[in-house]
Structure formats: C-alpha cells, structure tokens
Amino acid sequence: MSRFSSMVPAPEEDIGSFQPTSNAPLEHHIEFYLDDPGTSVFKVEYKYYKVHRFFFARESPVFQSMFDCPVPPEGQDGDSDERPIHLPEVTCAQFEALLHFFYNGMFGFNTERLFDLLLIALRYCFDRVASHAINAVDTCDVANDVEVVQKIILAIQFDQLQHWLAPAYIALIQRERPLTRTEIVRLGAGRTAILCERREQYLRKLDWQSPFDDVHDVDDVDYAVPEDFLTEPSD
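Each residue of the sequence shown is one higher than the one before, counting from -18 in this note's numbering.
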C-alpha cells in the first residue's frame, strides 16, 4: 500500500467503487499520460495516468497535504510507474471524469459522467469540483430511474446531497412501475420494504380517487423520509 492510499479511509458504503474483475495488463492511458514537468503518475484499476499535480494540490487538501510532505529516502509516490500514487476504490471512469474536468471543463458531460465526477470529488475533498457537479446535476432533468436511485444512495452517504433525498424518494413512490431487482439490490432490503409500504399506501389512495382528481393530489400519503430509511433497517 502506498503512503498516500493509507491517508484516505475507505467509505462506509462502496458506492460506485471499483470491484476488480479483470486481469488486464497495466497500460498507459492514451490521452492522460503526459511527458511534462510537474506531473505525477497515478494508478487506477489497470491503467497508469501521468498528469499535472498542480490541479490536485490546488483543489484538494488531501493531495495538497501529500505533496507538501517531505520526500522520503525511497522517493515520492507518483515519481514513476514503479512507484505510482495508487487510488483504491476509484474507477477509471471516475478518475477520467476528474481529469476531463481539469483539462477541458464540463463540456460534453452527461449525467453518468457527472455522477462519476461527483463521487471522486466528494471522496477526496475536491470541494469546488463537487459544487460544480452538484449544480450541474441539479439543473439536469434526471428522469432516468437508475439516476434517481443513485441520487438516493449518494444522498444517504454524503451530507452535501441531502436535498436530493426527498424528491428522489417521492419519485420512486409515485412512479407506475414497481422496483426492479437491480434497484432492490442497490437500495437494500430494509429501504425497499419502506418504499414498498409507502407505494402501497399511495396506490391504494389513487384507487379511491375520483377520475377527475389530480393523480398526484394524495395528501394522506406519508412522504416524509423515515429515519430508519437512512440507516438500512435490519430484517
């Protein structure tokens, strides 16, 4: 384990983190392996990246602290492929989203890439980057069910995203289709049970409504997010 990787604790929930399933040989990234001064080598999954450390030191106190440390006798992490800065629990998609943001801004980002950017930004304390990503997601029309579930999971894990929780929770209660198997696995059995209970309440109220009523005007349904939804109640 590198000196740097030991500075960053693993998250309580490995949401969106890399699960090593490939024995692919290590390779240099075709775009983000630069032979410039002021660069450091990063190892993410099975790829090496060599990029300017200025961005990392400027935007993240985690990296600033690392680069400010005295260089040990054996050399600095990031000096070469043989001694890279290893980022555990980070995917290539997340790291490349961060690099695209540093070098190109947010041009061409879709919601999937925004979530990748947000995950790595929150984990490594890139606060300004995270703020940009959150604002961009907030201005998107995130109607995709996968992204609604992602919002719930991220809002549970990160305090900065609490404003996502209630709207996404209500969206799953009110949608016509039931939860899919994939969504149940991602949400967990306890949260799924709470959602199903609220959905059943909501659908029963709809059945009692006049056809002339507003389909979402169901005032008696409890839309408040219960406390145990945040802590994954045990079965």
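Note that CB positions come from ideal geometry on N, CA and C, so glycine has one too.
Checklist entry - Assuming D62 and V22 make a contact with CB atoms under 8 Å, what is their CB distance in whole Å? => result Taking the first residue of the sequence shown as 1, we reach residue 62 at position 81. Taking the first residue of the sequence shown as 1, we reach residue 22 at position 41. With a Cβ gap of about 6 Å, D62 and V22 count as contacting.
Checklist entry - E40 lies in the alpha helix (DSSP H); which residues open and close that run? => result Indexing the sequence shown from 1 puts residue 40 at position 59. Element bounds for E40: R34 to E40.
Item to check | D140 burial status per 10 Å Cβ neighbour count (16 or more: buried) | outcome: Your numbering for residue 140 matches position 159 in the sequence shown. It is exposed - the Cβ of D140 has fewer than 16 other Cβ atoms within 10 Å.
Item to check | DSSP three-state assignment for Y105, whether helix, strand or coil | outcome: The sequence position of residue 105 within the sequence shown is 124, counting from 1. In the structure shown, Y105 adopts coil according to DSSP, grouped into three states.
Item to check | Cβ-based neighbour list, F193, same chain, cut-off 7 Å, excluding 5 preceding and 5 following | outcome: Along the sequence shown, one-based indexing puts residue 193 at 212. In this prediction, F193 has a pLDDT of 46, which is less than 50 and means its spatial position is unreliable; what the coordinates show is noted afterwards. A distance below 7 Å between beta-carbons, with the five flanking residues on each side excluded, links F193 to no residue of its chain.
Item to check | DSSP-derived helix/strand/coil call for V25 | outcome: The residue given as residue 25 occupies position 44 in the sequence shown. Residue state, collapsed to three classes: strand.
Next on the checklist: Count Cβ pairs between the segment 129 to 137 and the segment 69 to 77 that sit closer than 8 Å; are there 3 or more?
Outcome noted: Contact between the segment 129 to 137 and the segment 69 to 77 is absent: fewer than three C-beta pairs spanning the two stretches fall below 8 Å.
Checklist entry - In whole angstroms, what separates the C-alpha of D119 from that of H144? => result Along the sequence shown, read from residue 1 onward, the residue named residue 119 stands at position 138. Along the sequence shown, read from residue 1 onward, the residue named residue 144 stands at position 163. Going from the Cα of D119 to the Cα of H144 covers about 10 Å.
Item to check | Y14 - partner residues in DSSP beta bridges | outcome: Locating residue 14 in the sequence shown gives position 33, where the first residue counts as 1. Under the DSSP definition of a beta bridge, Y14 partners with K31.
Next on the checklist: Restricting to Cα atoms, I'd like to know which of A147, R180, L211 and T163 is closest to E157.
Outcome noted: In the sequence shown, residue 157 corresponds to position 176, counting from 1. Answer by Cα proximity: R180.
Checklist entry - Identify the residues that DSSP records as bridge partners of I66: which are they? => result Numbered from its first residue, the sequence shown carries residue 66 at position 85. For I66, the pairing in a beta bridge is given by DSSP as F23.
Item to check | Distance between A111 and D60 (C-alpha atoms, nearest Å) | outcome: Here residue 60 corresponds to residue number 79 of the sequence shown, with the count starting at 1. Here residue 111 corresponds to residue number 130 of the sequence shown, with the count starting at 1. Cα to Cα, D60 sits roughly 27 Å from A111.
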